[in-house]
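If you read the sequences in order, they're chains A and B. Residue numbers are given in numbering that gives the first Met the number 0: position 22 of the first sequence equals residue 21, and the series is strictly consecutive. Residue numbers are given in numbering that gives the first Met the number 0: position 23 of the second sequence equals residue 22, and the series is strictly consecutive. For each residue, glycine too, the CB sits at the ideal point set by N, CA and C. Working notes for the structure below.
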Amino acid sequence: MQGVTQRASSSDRFVPGVEIAPGLFLTGATMDWGCPSPMIDTAFARWQEPVAYDRLLHFDTETTGLAGGAGTRAWMIGAADWLTDGRFRVRQLTTTTMGAETAMLRTFAQWLQPNTVLVSYNGKCYDSPLLKTRYRLARLPDPLSGLVHLDLLHPVRRHWKGVWENCRLVTAERELLGVVREDDLPGSEAPAAWLSYLRGGSAVNLRRVLAHNTQDLKSLAGVLLHLARLSE
Amino acid sequence: MNALPDRYASDELVLSNPSDGRSLAQRLTKRYAARITGAFMVPGREGTFAPLPDDLPPALAQALRSRGIDQLYSHQTEAWTATQSGAHVAIVTPTASGKSLCYTLPVITAAMTQNAKALYLFPTKALAQDQVAELLELNQAGDLGVKAFTFDGDTPGDARQAIRLHGDIVVSNPDMLHQAILPHHTKWAQFFENLRYVVIDEVHTYRGVFGSHVANVIRRLKRVCAFYGVTPQFILCSATIGNPKEHAEALIEDVVTAITESGAPTGDKHVLLWNPPVVNPDLGLRASARSQTNRIARLAIKSGMKTLVFAQSRTMVEVLTKYLKDVFDSDPRKPARIRAYRGGYLPKERRAAEREMRAGTIDGIVSTSALELGVDIGSLDVVVLNGYPGSVAATWQRFGRAGRRQQAALGVLVASSDPLDQYLVRHPEFFQGAPPEHARIQPDQPLILLDHIRCAAFELPFIGDEMFGTEVATPWLDVLGEEGVLHREGERWEWIADSYPAIAVSLRSVADGNFVVVDRTNGRQTIIAEVDYTAAPVTLYEGAIHMIQSVPYQVERLDWEGRKAYVTRTHVDYYTDAIDYTKLKVLDCFDTSNAGCGQAHHGEVHVVRRVPGYKKIRFYSHENIGFGPVNLPDQELHTTAVWWQLAQVVLDAAFEQRQQALDGFLGAAYALHIVATVAVMAEARDLQKSVGSGDGAWFVSADVAGRGQIRGSDGQPASLAADAPFTPTVYLYDAFPGGIGQSEPLFNCREDLVAQSVTLIERCDCRDGCPGCVGPVLAADEEAVTTPKALALRVLALLVAL
């Protein structure tokens, strides 16, 4: 209810990226991050075969909440992969209107190939079902079903449950990669950041969510490599 | 083993020739003539049969034949024809008339021939489980390959996915549809895309607040179906109610074909209304219903008749079971002849009891309302009701359990000391002649509607001027937008909040939070009951005796904010009755008509309800033995009401003193409330009464002696100036915020209500007034013409239609 009173428009409405469809912004960046071997050992996930690194697509969504069901939506999808030159590419789709969701879903679907291996943190229970629901509501074919999905939460839990205070991604990245985030907007504040922007508020926190999401994707890839080395 | 001495072993009433309801009825009538206030017979009829339809899939016809079904009852055939023509169908036939086959045939046929899916909704989990068991048996008999599953709160998480994908028939309840299926409809996409039939059984239970919620859940279901491009056919079933077609159409908001003629054969049904004998004439004390029920059941079982006893509480089920077991199951080496059946038992135990009843190895079963609905227990000879179940329709449903082909069955209603029971049993003609009550719903009740538009908006965005039920949703969406849960973008209203609205909406109770009753006897901390918010102020005040399954507990502390009442077990010979008075102010009058020398109205009112204290009333004799204060916040609500008024000149001519008129109005209100509760099939607490000034300046409560006391708007006793305007008014109002549609039907039958109230008071055996007619009064030395009873009659006489 407070949101309504924040309707007063803000002057800082800058959303980074290129508007590739009305209300849909794409950011892209490449960086050196991790150094994957051509074949990633996935024995830590109890998989039989190693996976070629260029099949991996790390993904993480930012949503309107945790309630679940048909009323929860993703307003941002971040995806990251290693290019053939070994560089790490982060792409993010940000919607600034509700109507841009369909274009976002279509674009993300184009990033997926039949042999893509999804990498996520709790994505099997959260991001993936949520996106499936959104594809269904948008009357689009669901590109996620049938893809192989490597959810790192479960192997992390098997290794470090009871050792660490918890098995959240921030804990894993600190323990395994030494990542310490500065000025991080906690994921739990992502819904409010978008809602506030949608109602004409400032884009400051929206950009902080993008930064947070980028770090999530990097940590995801880092944790994956760490796990892969464990079984070598 | 030495059993208790059995005084009835040689009773001449025990029949040597078993299984005849008629002879038992005759013998009981002869022997206990004084206790039987009414006896009548509903003639049986021959069955009407038809061959299995030609267009049934051969495998299904074969499965039916192998289960002994070679032909159908006429209503089953009618249902088949109607469903095949694409109509929505409502089937209204008595208990045990083979209703489920009416929907099983089209559903299984569609599943076999078109891969079509069906959703079944039952009001209880037990009925859902029964239905699945039945479907599985039929499926097995014909190797039909149709998969049926229950989907309810007990369904394990890992099974849910399989059910969503592979269930041909999913059997659930409205609450699950509301909270688990519709909000997650995308997970059910395949199911919805192929949904052909929605079967809703026992629709007579979906009335009042619950029914109004369910009608909105059906609106949401239809909306989700539309998204998946399907318009399923509805098949509804109901026990006998006064308006089955109208009710079914109100629930699904579409035209239905009603099938009301049962083709199932029945024997004659004898009905006895039984009032326990007076055992203490001075105090007007009657023997307990329990002792009478026990006696009748014993006689019936000893006469070799399969007997079902309905009791009103789980405890009473146990007590009666024990009494019967003491007689019939005294030898532990022999299989039990008596069984109890109630909620709270494990499904396995219930299934076992049902099986044994069907197999005929059980001679007597004692049950709560759990057996009123369609659980299959085979045929019985005698049904005894320990107390009036609250509606004529429910009474017939329970009696409907007795009856085999070509055999006379017997139903006995044993009255308890409750005013409603005493009213009915003393007015057999009312019971015999009364059409079953109408089931009513009010799906557009604003609070309920808003709750469901909220849930619907979560499930799918609203677009443009979309309708929800009969209204355009836009104004409601604006409200939700203001609240911040919806966001409007162009023509679309989308859910934006991080919440799951269905969780906050319960179909079966009113908002504001239930109170829990915590037993602290001997240092315990056990929750023993829940009480509705609206009932809490009049039942859980400190000092109240709160009866749970007839065990008295005293409320020691009420934590209003925390919604908790702390009680301890107690032993007292009285119960407590809240003095709750209400101040009403008329906001809007929808309709007015003449009522005798006065007027009757129907409209919208503002109600302030206060509980200043309570009376202690001794059991059985109903004397008033004390008073205690209560300190609780006022309850306020906007609702609808029906009210009667007499002009000052009329009253001045009819009464010497204003006090007499007030006493008369108070008594008339009490009687009208009893009669109206019966008329609208209401729970007594959903309909309330009040007496006050027409302009809301003052209101009247009963004092310790049961006489009218005027109170000012501050609730303090007041007196009227001799020249002050005087228009006492009796109100009956809906106790649900916004009203749930009870007042309009009451207004429509206003003349009957007044006439029946007159009869109620005239026929009452008491002298001055009692809880059975005008309310508890303390006798005073007064002339017969000025007793509360006589005064109430005088008021009502002025309101009787000319």
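Using a C-beta cutoff of 8 Å, does residue i count as contacting chain A?
i, result
"PRO182(B)", "yes"
"GLN548(B)", "In this predicted model, GLN548(B) has a pLDDT of only 46, less than 50, meaning its place in the structure is not dependable; the value taken from the coordinates is given anyway. For GLN548(B), the answer is no, since every Cβ of chain A falls outside 8 Å of its Cβ."
"THR185(B)", "yes"
"ASP497(B)", "yes"
"ALA188(B)", "yes"
"ARG64(B)", "no"
"GLU529(B)", "no"
"ARG491(B)", "yes"
"HIS486(B)", "yes"
"PRO494(B)", "It is Trp, not Pro, that sits at residue 494(B) in the sequence shown. By this cut-off, TRP494(B) is an interface position."
"LYS788(B)", "no"
Taking DSSP as the reference, what is the three-state secondary structure of residue i?
i, result
"GLN656(B)", "coil"
"ASN385(B)", "strand"
"LEU146(A)", "coil"
"THR149(B)", "strand"
"SER700(B)", "strand"
"ARG156(A)", "helix"
"LEU759(B)", "helix"
"GLU245(B)", "helix"
"THR256(B)", "strand"
"VAL677(B)", "helix"
"ALA640(B)", "strand"
"ARG802(B)", "No answer is possible for residue 802(B): the residues shown for chain B start at 0 and end at 801."
"ILE311(B)", "Residue identity differs from the one stated: residue 311(B) is Gln in this sequence, not Ile. In this structure, GLN311(B) counts as coil in the three-state DSSP scheme."
"ALA78(A)", "strand"
"THR41(A)", "coil"
"TRP193(A)", "helix"
"HIS570(B)", "coil"
"SER9(A)", "coil"
"GLN91(A)", "strand"
"THR83(A)", "coil"
"PRO716(B)", "strand"
"GLY70(A)", "coil"
"MET466(B)", "strand"
Residue i bridges to which residues according to DSSP?
i, result
"ASN593(B)", "GLN598(B)"
"GLY627(B)", "TYR613(B)"
"LYS324(B)", "For LYS324(B), which the question treats as bridged, DSSP gives no partner whatsoever."
"TRP475(B)", "TRP475(B) is not bridged to any residue."
"THR106(A)", "THR106(A) is not bridged to any residue."
"TRP273(B)", "ILE35(B) and VAL413(B)"
"ARG294(B)", "In DSSP, ARG294(B) forms no bridge with anything."
"ILE337(B)", "GLY363(B)"
For chain B, find out if any of its Cβ atoms is closer than 8 Å to the Cβ of residue i; answer yes or no.
i, result
"MET97(A)", "yes"
"PRO35(A)", "no"
"ARG135(A)", "yes"
"PRO185(A)", "no"
**Prompt:** Along the stretch 291-325 of chain B, what residues have a CB closer than 9 Å to any CB found in chain A?
**Reply:** none
**Asked** Taking the runs of the alpha helix (DSSP H) that are 4 residues or longer, which of them lie wholly in the stretch 483-539 of chain B?
**Response** Taking only runs of at least 4 residues, the alpha helix (DSSP H) segments lying wholly in the stretch 483-539 of chain B are 535-538.
**Item:** Contacting positions in the stretch 435-468 of chain B - beta carbon closer than 8 Å to chain A
**Value:** ALA456, PHE457, GLU458 and LEU459
**Message:** Short of 9 Å Cβ to Cβ, which residues in the stretch 51-74 of chain A face chain B?
**Reply:** THR62, THR63, GLY64, LEU65, ALA66, GLY67, GLY68, ALA69, GLY70, THR71 and ARG72
**Item:** chain A contacts from the stretch 638-668 of chain B (Cβ-Cβ distance under 8 Å)
**Value:** Listed by position, the residues of the stretch 638-668 of chain B near chain A (Cβ gap below 8 Å) amount to none.
**Prompt:** Can you list, in chain order, the residues of the stretch 107-133 of chain A whose Cβ is nearer than 9 Å to any Cβ on chain B?
**Reply:** PRO128, LYS131, THR132 and ARG133
**Prompt:** When you check each C-beta in the stretch 173-206 of chain A against every C-beta of chain B, which residues fall closer than 8 Å?
**Reply:** PRO190, LEU194, LEU197 and ARG198
**Asked** If you scan the stretch 387-448 of chain B from start to end, which runs of the alpha helix (DSSP H) of 4 or more residues do you find wholly inside it?
**Response** As far as the stretch 387-448 of chain B is concerned, its whole alpha helix (DSSP H) runs of at least 4 residues are 391-398, 418-425 and 427-432.
**Message:** Give the list of continuous beta strand (DSSP E) stretches no shorter than 3 residues that lie fully inside the stretch 106-136 of chain B.
**Reply:** 116-120
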